[in-house]
Structures are given as structure tokens and as C-alpha cells.
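*Asks:* Protein chains in written order, with the numbering used here: chain V, 3 to 358; chain F, 3 to 358.
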């Protein structure tokens, strides 16, 4: 690989100013042009789904573009004209995933706001349109997700050849991760194997390693250094473990998600898989109810306490800290340009130590 | 354009044997390999969504691959190695569209079988899995659609450069067409403009012209002859008009779709738009109820009779026949290789004159 330390250090911008100063305006412009093309082709002013999607975008942490940005910075300071394009594709892909996840999980809130299908249903009610508002909200949000995915795929298909298979594999892993989540809940799978595979796919690879790899490929670095691959898996796992803890112990006012949902759905999380060996019989009995309608909210609250009492929560906390320490050490060992190294350490810490 | 009449005439296979003999086995193999990769990455034998998708595929008319096949044949007999790839992408894209359409319309049947979400819900019940079977069926079918779209996009991204923007535009038009369908129903739009734009997008371009164009581009014909562009729009419109008639007057035993659905949903069809000028006051009143819960099944039956009585049904029939005649004349004028010309005439007639 070619890492150019001095040159990278003169990069005037960092990942956050890149996201706010360049990526968000690029996305807004992209969807405004899409909106214009729709109005023209449909011959009607109410063909407004791209606009609705643009309004829904943003507000998140934009982790994937930020990792992509630093993957790209490994190659040197010359910004590839496709960096914005691939980062926009990553944000749109993630928006697709969030919208469809909320439909699949039947979640009413996202980032403290109503989920998109709820917003659209409210619009339907307000407009006094024909048909059932909730069904319309579901249908139109489903289609908004499809639109986000289709625009993301269009951007990705126009990337330079080395980036295309990285993208395709990432998308495939995203779908597989979501499948394991849904099917694992239904089958009440509590194995460590499935929980770890889900974590690795949904967060390690999808959130960290693949965006790093995409950025690097655009910069002309075909192979991500082994230390960064391992970094991505560790930091991504820490991110997902924090998510698992927030889903059970988080403050709904900050996470924007009702607490207890993961237990009620019986998500195949590592927390629950770990608890298999640690819970006392009463906790085991409650855990067996997770994901079934027999688990009442007060059972869920009890199970939450049991998960703390038996030490499973602490074990997950320890694992998060262990992962982050190891990930930071790997960044040191990779001898990256100093801005990239600093940023990747900070991102790993931020992903693992957050309240929402 | 380069049309090579003699060479095309020696093509040993035609579109139907291509679909059954080559495309279906190619798709089965593709999804079997996807299934293998999923099992390996997930480390569990029940990661079976690609298999479920493969079982659901097929059984349709495979119109898009067949048009693509003949677009490709315009260039001569040398089969592009990517012809199968793009045809597989077209079938997967269409499967994605059907699965998601059935969710959006909340349709229980497809091609005379239970819709995919129903099949999966039944499997959930049979397995005695955790959670609500219907919610699981919806969630998993949504994800199966996403998987189909993601595999289609992966195949499309690896196509030669001239084909990629044709693909992207086609996908965008598919999403826009579905949007007009949903939003037009909700807003009770009965304008000819929206009805025609929906028809053109959903059937003219998506079903006929874009597949022809994709096939031609793969064969090295960058620009589809103007006659064939027009042919596609006309034949596609005829196809959609037949669909509209079948949705109201068809035999549910043959269409596999409950009759009256289009009226109950208030789809923005050309049939209903035409009827705006032709229905007597009583029919108008019924038509105004289409898409609202106020339209009872017996109203729908009455409206069906009114649509015949006022002549709107005949007008649509005449338009179908006019389109097909014109489309066939355009094929004559384009002076295509004889096998391609014969096939395109037959396809236009078959699309317009079918009972399912």
C-alpha cells in the first residue's frame, strides 16, 4: 500500500467538516435533481418522493462516510472525484436499511422522531386522502427505501472497477445480517455463533471495514492493511455491543428508541447469548420468554435487572473496552498518517462510548 | 445500427428456449451459489433466503428477458457473454417489484399462488416460531425483495459501460411508476396525464423498450432504432391496458388475482381516466367512490357493468388493437432480421391478447 504521511497531514478538512460541508450539500443537490427529473417525467407536481427522502436523510452520525473518508485519506491528499459519490451512496444505502428495518421491526420511532412510515401516514391523514393511512404509510415508506437503494446502486455502479465488488459484497452482507436478525429472533436462536456473525456482518463489516476498504480502493489502495481489517471488525463489534446495551439499558430520551424492544423482539444479541451461561434459573426462565408474547413489560424490566445482576452486562462492557483498546493499538501498529490515525482512534472510542 | 439479417437467421434458439433452457438454470445456479455463500458466512444451515427466493422465481412470462433477447439479436448471432447476466438481472428486478408490490397493495395472491409474504407467514405458523406470523411474513418478504434487488444490482453493475445507465434509468422509472400508482390512488387522481405516464413508465419503458435497449447495447448497438422505441411504447401500453381490463373484467381463476382490486384500490388506470367522459351520472358517482372504503363489493360489480355499458371498456379494447397494429407495422418498417421481426410481432400480440 502507499501511505503518504506528510501529504495527508496537510488535508485542510477532516471527516466532520467533510460530512457537513460537502457530503450533505451533495446529497441535497442529488435528490433535488432527482426530484426535478421525476416531476418532468411524471408531468405532475406531486411526484415528491425524492424530496421526502431528502427531508428524512441526515441527522445521523454519518459513520460510514466518515470511515470511508479516512480509508481514502490513506492513499494521500489527492481527493478522488468519486469520494463524494461513494459517500453519498453509503448514506443512501444506510437510509434504505433504516427505513426498511423500521418497517420490518414495526418500530414507530427513529432518532427520536416518528419513523418514516408514521410521518407519511400522518401526511395521509392530514390530506384526507383515500385508503387506509397506515397502509399507505407502510407502502410509501417501503418505496422510499427502494428509491434510496436504487439511487445508491446507481451511484455505486458508476464507481471505478475495483470499488464495485467491495460495494456489492457489502450490500449482500447487510441483507444477510438483517436476515439473521429477523430469522434468529423468530427461531429464538441464542447461539454465540449466530450472535457474533450478526454483529460482524451488521456492524464490523458494514459499518467500518467495508467503508474503509471502499475509500482506500478509490484512493488507489487495493488492499486494506491487515491491521485495519482487524481494527474494523473490533471497532464495529464494539459499536454493535454498545447498541445492544443501549437497546436494553439505554435512556429512551437519548436513544430515540423505546427501551426493552430488543428483549421483546428476542433479538439474537451477544448480550443474550452471553447470558446463557450466566443467568440464574429465574433469569433463564425470563430469557426463554424473550421474543414471545408471553414476555410482559414487567418481565422485560425484571430480565433487564437480572442481566445486570448476573454480570452479563459487565462482561459486555469489558468486551467493548477490550475491543477499543485493541483497535487503537492496531492503529498505532499500522503507522498511519497522523490525522488518519488520530481520527480512527477517536471514531472507535466514540462508537463504543455513546449514549445514543 | 448494425443489423445482420443473415447471421441472425441462423440462431438456433429462440426466446422461449433461451428462457427455459438457459436463463432458468442460470438463475437457479446463481441463487444456489448465493445460498452457499450465505450459509458459509453465517455459519448456520437455516440461512435460507436465497433458496426461498429461487423457489419463488419463475412461473411468469419472462417478458423482459425475452425482449432483451431480441434486442440483443439485432446485433447479430454472436451471443454476448453478458446476455444471460442481464436477463437474470431483469428477472430478479421484476421479482423484487412483484414481491414489494404485493406488500404495498396488501395482495394475498400472485400468479394464482399465495403471495410470498403469505407463504412465509404459513411457514412461521408451521414452525411454531416466536413472534407474529403475519408480521414475520411481511418482514421476511420485504427482505426477500431487497435481496432480489441487491443481486440484480450486483449483476447490472458488472455490465459493460454502455448498458449501465440504461439499467439505472429503467430502475428509476420502475420506482417512479410505482409511486404514481400508489400516490395517484391515494389522491384519487383520475387525469389522463398521470394514467398515461404510469402506463408508459410501468409497462412501455420498463417492460419493453428498456429491455430491448439493454439487449441491443450488449450486442454493440448503442442506439435502438426509432421504430423500435415507438414499438416498445405502443406494445407496452397495450400490455398495461390489457392488465387494466383483466384487473376489472378478468377471470380470477386465470389471472390469479381477485377481481375488483383495482377499483377497490382506485388505481389510476387509463380505463378509469377514459370513463371520466363516458360514464352516466350514476356511474360517475360510483367511480368517485373507487379507492375509498365506501365502495362496497356490490358497488364494484355495478361499476364494472357501467364501465362496459358506457363504452369505456370497448374504447380500451380498440386502443389495444390499434396499438398492436401500429406496433407490428413499425416492426415491418424497421426491416429487422426475419426471426426478430416475427418474434416482436408475436410478443406484441401475445402481450395484448392474453387472459392472465
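Virtual Cβ for every residue (Gly too), placed ideally from N, Cα, C.
(1) Quick check on residue 268/V - is its C-beta less than 8 Å from some C-beta in chain F?
(2) Under three-state DSSP, which class holds residue 257/F?
(3) According to a CB-to-CB cut-off of less than 7 Å, which residues of the stretch 133-153 of chain F neighbour chain V?
(4) Check whether the stretch 87-94 of chain V touches the stretch 122-133 of chain F, counting contact only when three or more Cβ pairs, one atom from each stretch, lie closer than 8 Å.
(5) Within 10 angstroms of its Cβ, does residue 58/F collect 16 or more other Cβ (buried), or is it exposed?
(6) With a threshold of 7 Å on Cβ separation, who are the neighbours of residue 127/V within its own chain once the five nearest residues in sequence on each side are excluded?
(7) Name, please, each residue of chain V whose Cβ falls closer than 8 Å to the Cβ of residue 190/F.
(8) Would you call the stretch 345-352 of chain V and the stretch 250-267 of chain V in contact, with 3 or more CB pairs under 8 Å?
(9) Quick one, which residues of the stretch 36-61 of chain F are near chain V if we go by CB-CB under 9 Å, in chain order?
(10) List, in chain order, every chain V residue whose beta-carbon is nearer than 9 Å to that of residue 182/F.
(11) Nearest to residue 73/V by alpha carbon, out of 238/V, 214/V, 329/V, 229/V?
(12) Between residue 233/F and residue 314/F, is the Cβ-Cβ spacing less than 8 Å?
(13) Counting pairs of Cβ atoms below 8 Å between the stretch 219-231 of chain F and the stretch 332-342 of chain F, do you hit three or more?
(14) For residue 156/V and chain F, any beta-carbon pair shorter than 8 Å?
(15) Three-state secondary structure (DSSP) at residue 68/V?
(16) Give me the Cα-Cα distance between residue 266/V and residue 54/V, rounded to the nearest whole angstrom.
(17) Quick one: which unbroken alpha helix (DSSP H) runs of 4-plus residues sit fully inside the stretch 96-169 of chain V? Chain order, please.
(18) Please classify residue 175/F: is it buried, with 16 or more other beta-carbons within 10 angstroms of its beta-carbon, or exposed?
(19) Could you tell me whether the stretch 161-174 of chain F touches the stretch 153-172 of chain V, using the rule of 3 or more Cβ pairs below 8 Å?
(20) For residue 257/F, collect the residues of the same chain with a Cβ closer than 7 Å to its Cβ; drop the 5 residues on either side in sequence, then sort them by chain order.
(21) Measuring CB atoms only, is the stretch 38-52 of chain V touching the stretch 175-184 of chain F, in the sense that at least three cross pairs come out at less than 8 Å?
(22) Quick one: which residues of the stretch 277-299 of chain V get their C-beta closer than 7 Å to a C-beta of chain F? List them in chain order.
(23) Just to confirm, are residue 244/F and residue 354/F a CB contact at a threshold of 8 Å?
(24) Can you tell which of 114/F, 145/F, 113/F has the C-alpha that lies nearest to the C-alpha of residue 122/F?
(25) Check the Cβ of residue 126/F against every Cβ in chain V and list those closer than 7 Å, keeping chain order.
(26) Just tell me which of 236/V, 217/V, 155/V, 324/V has its CA closest to the CA of residue 96/V.
(27) Starting from the Cα of residue 321/F, find the closest Cα among 309/F, 307/F, 242/F, 268/F and give me that residue.
(28) Exposed or buried, which one is residue 211/V when buried takes at least 16 other CB atoms within 10 Å?
(29) How many Å lie between residue 50/F and residue 199/V at the Cα?
(30) I'd like to know if residue 74/F contacts chain V, where contact means its C-beta is closer than 8 Å to some C-beta of that chain.
(31) Just curious, the alpha helix (DSSP H) that residue 28/V is in, first and last residue?
(32) When you compare each of 61/V, 312/V, 219/V, 22/V to residue 100/V by their alpha carbons, which one comes out closest?
(33) Closest by CA to residue 311/F, which one among 277/F, 297/F, 323/F?
(34) Could you check what DSSP says for residue 16/V in three-state terms: helix, strand or coil?
(35) Could one say the Cβ of residue 88/F lies closer than 8 Å to chain V's Cβ atoms, at least one of them?
(36) Look at residue 21/V and residue 67/V and say whether their C-beta atoms are less than 8 Å apart.
*Replies:* Let me spell this out:
(1) yes
(2) Three-state result, residue 257/F: helix.
(3) 133, 137, 138, 141, 142, 144, 145, 148, 149, 151, 152
(4) no
(5) Buried is the call here.
(6) 135
(7) 131, 132
(8) no
(9) Cβ contacts with chain V come from 36, 39, 40, 43, 44, 45, 46, 48, 49, 50, 51.
(10) 44, 46, 49
(11) 214/V
(12) no
(13) yes
(14) yes
(15) helix
(16) 31 Å
(17) 118-129, 135-159
(18) buried
(19) yes
(20) 248, 358
(21) Cβ pair count under 8 Å is three or more, so yes.
(22) Correct list: 293, 294.
(23) yes
(24) 145/F
(25) 188
(26) 155/V
(27) 242/F
(28) Burial is judged here by how many other beta carbons sit within 10 angstroms of a residue's own beta carbon; residue 211/V has at least 16 and is buried.
(29) Looking at the two C-alpha atoms, the distance is approximately 15 Å.
(30) no
(31) 26-44
(32) When each option's Cα is compared against that of residue 100/V, the closest is 61/V.
(33) Put simply, of 277/F, 297/F, 323/F the residue whose alpha carbon is nearest the alpha carbon of residue 311/F is 277/F.
(34) coil
(35) no
(36) Yes.
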